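Q: Right, I'll just put the structure down here and ask away after.
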Amino acid sequence: MNAVRASLQNAGARVLKIDLRGAEIEIPDGETPERFLKLIKEAGYSAEMDE
Numbered sequence: 002m003n004a005v006r007a008s009l010q011n012a013g014a015r016v017l018k019i020d021l022r023g024a025e026i027e028i029p030d031g032e033t034p035e036r037f038l039k040l041i042k043e044a045g046y047s048a049e050m051d052e
């Protein structure tokens, strides 16, 4: 989880909550959620957006 948190934060996201069941993040204006979903998937986790 720490690696995923660090990746998201390095990409500019504000991580509000993260655990094995999900994550709640705020992304910067102008960014797309898909970019952050890709980062999570690249870390070896499944990811989908739930608004």
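Heads up, the sequence shown is in my numbering, so the first residue is 2 and it goes up one at a time. Think of the CB as a built atom: it goes at the ideal place given N, C-alpha and C, for glycine as much as any other residue. All figures in this text were calculated on a predicted structure; none of them were measured in a lab.
I need the boundaries of the alpha helix (DSSP H) containing A4, first residue and last residue.
A: 3–11 is the extent of the alpha helix (DSSP H) around A4.
Q: Do G13 and E32 come within 8 Å of each other at the CB atom, strictly closer than that value?
A: Going by C-beta atoms, E32 is nearer than 8 Å to G13.
Q: Using only alpha-carbon positions, find the residue among E49, L9, G45, Y46 that is nearest to I28.
A: The shortest C-alpha separation from I28 is found at L9.
Q: Can you name, in chain order, every residue of its own chain whose Cβ lies under 8 Å from the Cβ of L38, other than the five neighbours on each side?
A: So the list reads A48, E49, M50, once near-sequence residues are dropped.
Q: Confirm, please, whether the CB-CB distance from R36 to D26 is below 8 Å.
A: Rather than Asp, the amino acid found at residue 26 in this sequence is Ile. Against a cut-off of 8 Å, the Cβ pair of R36 and I26 comes out as no contact.
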